[in-house]
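>
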Amino acid sequence: MNEKTEIIAEPDVKMVTFTIDGKEVTAPDRTFLIKVAREHNIEIPTLCYNEHLEPYGVCRMCIVEVTRNGRRRIVTACNYPVTEGIVVETRNERIINNRKLLLEMMMARHSEVEVIRNLAKEYGVDTIRFKEQPSEECILCGLCVRVCNDLVGAHALCFAQRGPERYVTTPYDVESDTCIGCGACYHVCPTNHIKMEQMDGLSVVYGDVSLGPDKPIHIDFMQAVPATPWIDQKSCIHFQTDGCGICSEVCPTDAIHYDMKDEIVEVEAGNIIVTSGFKGFDPSPMYQFGYGRLPQVMTSIEFEKLSNAGGSTGGKLLTPDGRTPEAVAIVHCIGSRDKNYNEYCSRICCMQSLKFSHLIREKTGAEVYQCYIDMRCFGKGYEEFYSRVLSEDVHFIRGKVSEVTDFSPDGLPEGKVLIKVEDTLLGIVREIPVDMVILSVGIEPQVGAQDLKQKLRISVSPDSFFLERHPKLAPVATATEGVFIAGCAQGPKDIPDTVAQANAAAAAVLQAIAQGEVMLEPITAEVMEEQCTGCETCLSVCPYEAITKDEEKGIAVINDALCKGCGTCVAACPSGAIKQWGFDREQIIAEIDAVLADIAV
Amino acid sequence: MLQVEMNKKKVDAELDEMLAGYERDRTEVIMVLQDIQDKYNWLPQEALTYVAKNWQIPMTDMYHIVTFYKAFSLKPRGKHILQLCLGTACHVREAPFILDALERDHGIKNRETTDDGLFTLETVNCVGACAQGPILIIDGQMRGNMTQTKVGGIIRKLRKAHKEEVAENE
Amino acid sequence: MNKFASAEELTRYQGELKRKTNGALKTISLCGGTGCKACGCNEIHTKLVEELNLREIRADIKVTGCQGFCEMAPLIVIRPDDTLYIQVKPRDIPEIVEKSIAGNEIVDRLVYHDSDGKPIPKESDVPFYKAQLRLVSKKTPYIDPMEIDDYIALGGYSALAKVLTSMSPEEVISEVKKSGLRGRGGGGFPTGRKWESCRKAEGERKFVICNADEGDPGAFMDCALLEGNPHQVLEGMLIGAYAIGSSEGFIYVRHEYPRAVQTFSNALFQAGEYGLLGKNILGTDFSFEVAINRGGGAFVCGESTALMASLEGRVGEPRAKYIHTVEHGLFNLPSNLNNVETWATVPAIIDMGVEEFTKIGNEKNKGTKMFSLVGKIKNTGLIEVPLGATLRQVVFDIGGGIAKEKAFKAIQTGGPSGGLLPEGMLDLPVDFDKLWEAGSMMGSGGMIVMDEDNCVVNISRYFLNFLKDESCGKCLPCREGIRYMMEILEKIEKGEGTMEDLETLEEIAHTVADTSICGLGKSAPNPVLSSLTYFKDEYIAHIKDKKCPGGICKALINYYILEDKCNGCGVCAKVCTMNAITGKKDQVHRIDLDLCEKCGACLESCPTEAIVRR
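Residue numbers (the numbering used here), protein chains in the order written: chain A, 24 to 624; chain B, 4 to 173; chain C, -10 to 603.
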């Protein structure tokens, strides 16, 4: 409450010296007294003051006695401009007595409000001599109204009526259509009278007023790299009303610029490492698992977020209705090893599922059912981890889950769903009620990988992941010189493998940089200038974009560094103007002759 | 819905004509609202929206203004408007007894409109005719030296006139 | 009519008008003030016109603003004879026309009679007028407020001409400072000093504002001035604007005064036609425009910062005045606010000269002050006295004492924010400082007289109730404190109060006075504090004896029928809506105290005054 404010003097404002509680202080002329007092750690209580808003001076808690030109009078510190030579007393008997009586008045109307109770306690107000009314949470400090109108500019909240009937409301006391859901009112309210709730995907203030998404400034999740906050322009007040601007005001490094825009940055680079990652398989089309329909069903990636300490529950494992789960099913191979979706194995899911089992057992003690096809624990130490989880009383059911449902003829306990799975080892179909179903979704190439493929002129394998030049000899290189791949862009893999591959790609790039020169293909093509007609046929057929047109000369030019010597252009050139080193006419004819020589003989 | 739409259009057109003389400056807003109230006897929401839009005043400010100033009513008022002066001079001459009598004997409550829509009672603070207090203003006509008995007679007369009017129309 | 291009043209026109009006025609000055309107002066006017037409008599009828003697409304004065007719009914008109207008006789039965029954026909001889000194309201009875010529004929706008042609703005300010004029709105701040600060304040525009939001219940001086002599107020504003260096003015009139708005807008129009308002007034470089703003009905808008907020089209909530409005007022620009009476006094000062003006009043309080003298007094009405006159002079010499021969109990000055003063204070001079010292204040000039039948607790509660309703609710002490004080007074009224309550009451009163934002809150406890000082015994009577000395507090009184006075007419039984009164015709009636609602209807209707409450 007693936040310290730094007073920065404008260069041409004169400084004045005066006394607060016997202490001589200096401040810029006409600074509001409260700022000076707080700068000097002199505590003055306030209820309606917020340094980002114009002082309002209505709670009268910050009264102090000022002597100026020999005249004593009570003023409010929040909006009293200091002048030379004044004498300020913040806690003399008259002030304390007045504050006490004001608090007694407050207690009669707001006896349950914590800030008021605390202040009353601090000032020793214990008996209320006035007719007590049912405690009201709103103390009419006007912070919400002022922040909404003066700072945010949304004009959703206002005062109505006057005198003792004054109250805070929206026009006509109905849901506001100008509220932008910024929640500023909620943040400034000193008594928590204004509440923010989630309803129908919208945040709601005080029960019935619809609001938009919550805080516009996010750091996506705790381990996000870089951990730079970003502003959601859709919910940011500044981008809607031109108001607010508090974040830029409080940012100590002036890092916030509202006029910054998304921009395209052009970087000239000699090498590119493609690490476009993966996207999780979307299990919505697999209707039988109820994803998106049953709140209990989530993907492995969502579970990862839930169990993360930076997640929405702070790492607590909770069901959507807020309970600690008693039974959890983990369903393997969702979208992987499945002819209808992806045939390949996504490799990471088995180990990830084991990790989840371990976490669930540790955090909640819930029963965990692993429904798998095969357990694939191939890496170093992986099999050992499998054994450990086996010993943690996790149920392993070999078989595919056929259905997840919230219906059972026998009825289900509140909040539970039923999984149906054929246990192929026991040869029976099991129906297990659980509180949470985790679909271990497979790995798919990132959205936009196709685009990237076109741009970089690299190939993909039948599973749509980028194709390496050679699985053993050049596992991180691609057919295009200078373009490398690493991580899940190349194929499903876990973190250790990804890191290893990334290191390899980086080393390959460094190697090229260290060499300082590019080794050319020995067998490239060359345009014979005098024969080229500039028809551009070669330009369109070159898969490596190695050919450009020299507009001045009107001929095609081949970049030796890019040419892979595939010979497509040579064959395509209608005027026979392109020759390939090592494969010129004479050499080919010689070759043919040599081949035919035996036959001729 | 359609009804409301048409109503709004009608109000807009009427106000366009009536308020043409104003410069749409914020300083005029209280007078504009008074003019509207004079026309409709109260302030319909459509009219408030109209002023908010044309004078570029946030609805929040408008709502505070119309609930703050006593001159405005957000509810339709009765056929006859009774304003009882409760200024000091009238108070010392026992105007509060008249207020009591209006509620007790005639069912007309302060700041309310009777169920039949015939009377709205408001109290005002001094109309500047203190010498003749207590003062009751009936539809703008000032009546001095009021007593409980006189008020009773006036109310009964107005009620009777209304009944006759209704009977005639039928 | 062409605009006056110079001050000389105005003077010439003035001369013409004087010659014209000095004719042989009789003037019938009919008071059209609010009080007379309430007593049917409109019908009288119609009848008068009818009668004159019928007899083909030419006379000049002037419907003037409030002439002051509201108790005797409706009033007619025949000039030049100066005959005052009081409580005139339409049926009296033929006689008046025949005798006093066609002839020169006096209708004896319609003139004022003193307490000995002696007729006093001349207006200036009537004690009510005789004991007054009219300076600001001097011209009102001679003027039709809708006619600028009437005002000009009486020397109107010559003060403006004098200022514009022969004085620098600094000289005007110095004159006003020397005159010792203090704000008539109640604060009593020296007007000249205010103008000086505003002139010195920096701002691209400056405003001159007239406060006509006369919210004090029981006060109607400003209303009477605006309705009776709007040009004098306008002239004052013009002089002030010239002195301050402003070219834009506002007048903020409360909405309960529709006629004041009407007369003043007419005045603005006429002054504009004559070149007394607008660009290059009287051919000089000085230009000035005035806009009228109607208030929305809020007492707090009489407070300067609230008034300016309201002018800006916002809710009339005051703000702290640590930075004065003369520097940062309307639209945050230098603004000079004075009330109607102050503005109207300015031309009088310039006209008569500072020397003459300062002869009126006492040391620190110069000039005259208008009051509305109302309540339980014989001659209610609008009066003007020199500052420093005693309350006794006001109540007894002008007011004629308490009505119905009851005993004086208290006089309330300063409206809801003022104090109640007892009989012992009647010799107190009425000026800003003395009233303040006595725990009351000047206020805008309401004086409400109370007799033995009023209850001090009830009156204090009334004022608190008024202020509670009128508080804007912005700051805590005013919003809550007034209510809690009122609740305590309600308790006392019911006979449930304790002596501790009085202490609590005083404690709240001091905190509310100490900590409220604006004048409304700061002065709200005045009625309570002053009555606790001067009438504590009455509070104690409520608390300890469970008696209401004024016979007002319902819980503490009962109604009785005096057997010796009751003639058994049965009126009381008829008006009693609770059927609490029984009795046979021509026999003494009785009140069943269990059924009695204590509404007082019986007492009000009893022809023999046989019903009492105690």
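From the three backbone atoms N, C-alpha and C, an ideal C-beta is built for every residue, glycine too.
Leaving out five residues before and five after B/I46 in sequence, what residues of the same chain have Cβ atoms less than 7 angstroms from its Cβ?
Position 43 of the second sequence holds residue 46 of chain B. The amino acid occupying residue 46 of chain B in the given sequence is Leu; Ile does not appear at that position. Within the same chain, B/L46 has close Cβ partners L36, I39, Q40, V69, F75, S76 and L77.
> DSSP on C/F360, reduced to helix/strand/coil?
Here the question's residue 360 of chain C lines up with position 371 in the third sequence. Correct three-state label for C/F360: strand.
> Can you check DSSP and say which residues form a bridge with C/G435?
Start at 1 with the first residue of the third sequence, and residue 435 of chain C comes out as number 446. Note: C/G435 sits in a beta bridge opposite C/S361.
> Roughly how many angstroms lie between the CA atoms of C/S236 and B/P99, to the nearest whole one?
Here residue 236 of chain C refers to the residue found at position 247 of the third sequence. Here residue 99 of chain B refers to the residue found at position 96 of the second sequence. When rounded, the separation of the alpha-carbon atoms in C/S236 and B/P99 is 46 angstroms.
> Determine whether the beta carbon atoms of C/L478 and C/A498 lie at a separation below 7 angstroms.
Within the third sequence, the letter at position 489 stands for residue 478 of chain C. Within the third sequence, the letter at position 509 stands for residue 498 of chain C. Contact flag unset, no.
> Suppose you measure from the CA of A/V36 to the CA of A/S199; what does that come to, to the nearest Å?
The residue labelled residue 36 of chain A in the question sits at position 13 within the first sequence. The residue labelled residue 199 of chain A in the question sits at position 176 within the first sequence. Rounded to the nearest angstrom, the two C-alpha atoms are 43 angstroms apart.
> Along the segment 114 to 134 of chain B, where does the CB come closer than 7 angstroms to a CB of chain C? Name the residues.
V127, N128, C129, V130, G131, A132, C133 and A134
> Assuming B/D15 is part of the alpha helix (DSSP H), what are its boundary residues?
Working through the second sequence from its first residue, we reach residue 15 of chain B at position 12. Note, B/D15: alpha helix (DSSP H), L5 to M21.
> With 16 other CB atoms within 10 Å as the buried threshold, where does C/Y473 fall?
To locate residue 473 of chain C, count along the third sequence from 1; it is residue 484. When all chains shown are included, C/Y473 counts as buried.
> How do the segment 146 to 166 of chain B and the segment 373 to 380 of chain C stand: do at least 3 beta-carbon pairs fall below 8 angstroms, yes or no?
no
> Buried or exposed, going by whether 16 or more other CB atoms sit within 10 Å of the CB of A/Q319?
Stepping through the first sequence from its first residue, residue 319 of chain A is reached at position 296. Label assigned to A/Q319: buried.
> To the nearest angstrom, report how far apart C/D97 and C/E185 are at their CA atoms.
Against the third sequence, residue 97 of chain C aligns to sequence position 108. Against the third sequence, residue 185 of chain C aligns to sequence position 196. Rounded to whole angstroms, C/D97 to C/E185 spans 54 angstroms at the Cα level.
> Is the beta carbon of A/M219 closer than 7 angstroms to that of A/T342?
Position 319 of the first sequence, counted from the start, is the residue given in the question as residue 342 of chain A. Position 196 of the first sequence, counted from the start, is the residue given in the question as residue 219 of chain A. Their beta carbons are not under 7 angstroms apart, which means A/T342 does not touch A/M219 by this criterion.
> What are the residues of the segment 310 to 324 of chain C that lie near chain A, defined by any Cβ-Cβ distance shorter than 8 angstroms?
Y311 and I312
> On the DSSP bridge assignment, give the partners of A/E548 in chain order.
For the purposes of this step, residue 548 of chain A is identified with residue 525 of the first sequence, where counting begins at 1. The sequence given here places Ala at residue 548 of chain A; Glu does not occur at that position. DSSP output for A/A548 lists A/Q603 as bridge partner(s).
> Taking the straight line between their C-alpha atoms, what separation do you get for C/S361 and A/L56?
As a position in the third sequence, residue 361 of chain C is number 372, starting the count at 1. As a position in the first sequence, residue 56 of chain A is number 33, starting the count at 1. So the alpha carbons of these two residues sit roughly 43 angstroms apart.
> Is there a Cβ of chain C sitting closer than 7 angstroms to that of B/M21, yes or no?
Taking the second sequence and counting its residues from 1, the one referred to as residue 21 of chain B is at position 18. With 7 angstroms as the cut-off, B/M21 does not count as an interface residue toward chain C.
> So, helix, strand or coil for C/R171, using DSSP?
Here residue 171 of chain C refers to the residue found at position 182 when the third sequence is read from its first residue. Note: C/R171 maps to strand in three-state DSSP.
> Specify the secondary structure class of A/F430 as computed by DSSP and reduced to three states.
As a first step, residue 430 of chain A is located in the first sequence; it is residue number 407 there, counting from the start. Correct three-state label for A/F430: coil.
> If you measure from the beta carbon of A/V81 to each beta carbon in chain C, is any gap under 7 angstroms?
For the purposes of this step, residue 81 of chain A is taken as residue 58 along the first sequence, with counting starting at 1. Chain C, which has a Cβ nearer than 7 angstroms to the Cβ of A/V81, makes this yes.
> Is there contact between the segment 365 to 377 of chain A and the segment 470 to 481 of chain A, where contact requires at least three CB pairs shorter than 8 angstroms?
no
> So for A/D583, helix, strand or coil by DSSP?
Taking the first residue of the first sequence as 1, we reach residue 583 of chain A at position 560. In the structure shown, A/D583 sits in coil (DSSP, three-state: anything other than H, G, I, E or B).
> Anything in the segment 349 to 374 of chain C with a Cβ closer than 8 angstroms to a Cβ of chain B? List those residues in chain order, please.
Listed in sequence order: S361, V363, G364, K365, T369 and G370.
> Would a check of beta-carbon distances place B/P61 closer than 7 angstroms to chain A?
Numbered from 1 along the second sequence, position 58 holds the residue referred to as residue 61 of chain B. Taking a beta-carbon distance threshold of 7 angstroms, B/P61 counts as an interface residue toward chain A.
> Between the Cα of A/C212 and the Cα atoms of A/V170, A/H241 and A/P194, which residue gives the shortest distance?
Counting from one through the first sequence, the residue named residue 212 of chain A turns up at place 189. When only C-alpha atoms are compared, the closest one is A/V170.
> Going along chain B, which residues have a C-beta under 8 angstroms from A/C394?
Along the first sequence, read from residue 1 onward, the residue named residue 394 of chain A stands at position 371. Near A/C394 there are no residues of chain B at all, since even the closest Cβ is about 54 angstroms away, more than 8 angstroms.
> Can you pull the chain B neighbours of C/H531, defined as C-beta to C-beta under 8 angstroms?
The residue given as residue 531 of chain C occupies position 542 in the third sequence. Within chain B, no residue comes near C/H531; the closest Cβ sits about 18 angstroms away, beyond 8 angstroms.
> Beta-carbon of A/C181 versus every beta-carbon of chain B: anything under 7 angstroms?
The residue given as residue 181 of chain A occupies position 158 in the first sequence. Taking Cβ atoms only, chain B reaches closer than 7 angstroms to A/C181, which makes this a yes.
> Give me the subset of the segment 443 to 477 of chain C whose CB atoms are less than 9 angstroms from a CB atom of chain A, sorted by chain position.
L456, K457, D458, E459, S460, C461, G462, K463, C464, L465, P466, C467, R468, E469, G470, I471, R472, Y473, E476 and I477
> I'd like to confirm the pairing. Which residues does DSSP put opposite A/T322 in its beta bridges?
Within the first sequence, residue 322 of chain A is the residue found at index 299, counting from 1. In the DSSP output, where bridge partners are listed per residue, A/T322 has A/L462.
> When DSSP builds the beta bridges, which residues end up paired with C/P375?
Start at 1 with the first residue of the third sequence, and residue 375 of chain C comes out as number 386. DSSP, once it has assigned bridges, lists C/T357 as partnering C/P375.
> By alpha-carbon positions, which one of A/F419, A/T201, A/D573 and A/E406 ends up nearest to A/L448?
Position 425 of the first sequence holds residue 448 of chain A. It is A/F419 whose Cα lies nearest to the Cα of A/L448.
> Tell me the start and end of each unbroken beta strand (DSSP E) in the segment 397 to 466 of chain C that is at least 3 residues and wholly inside, in chain order.
397 to 402, 408 to 411 and 435 to 440
> Mind pulling the chain B residues with CB within less than 8 angstroms of C/D523?
Start at 1 with the first residue of the third sequence, and residue 523 of chain C comes out as number 534. What sits at residue 523 of chain C in the sequence shown is Tyr, not Asp. What C/Y523 touches in chain B: nothing, since even the nearest Cβ is about 17 angstroms away.
> Would you mind listing the beta strand (DSSP E) stretches within the segment 27 to 82 of chain B that are 3+ residues and don't spill past its ends, in chain order?
None, since the segment 27 to 82 of chain B contains no complete beta strand (DSSP E) of that length.
> Given that B/E26 touches chain C, what residues does it touch there, using C-beta distances under 7 angstroms?
Position 23 of the second sequence holds residue 26 of chain B. Going along chain C, no residue has its Cβ under 7 angstroms from B/E26, so there is no contact; the nearest lies around 10 angstroms.
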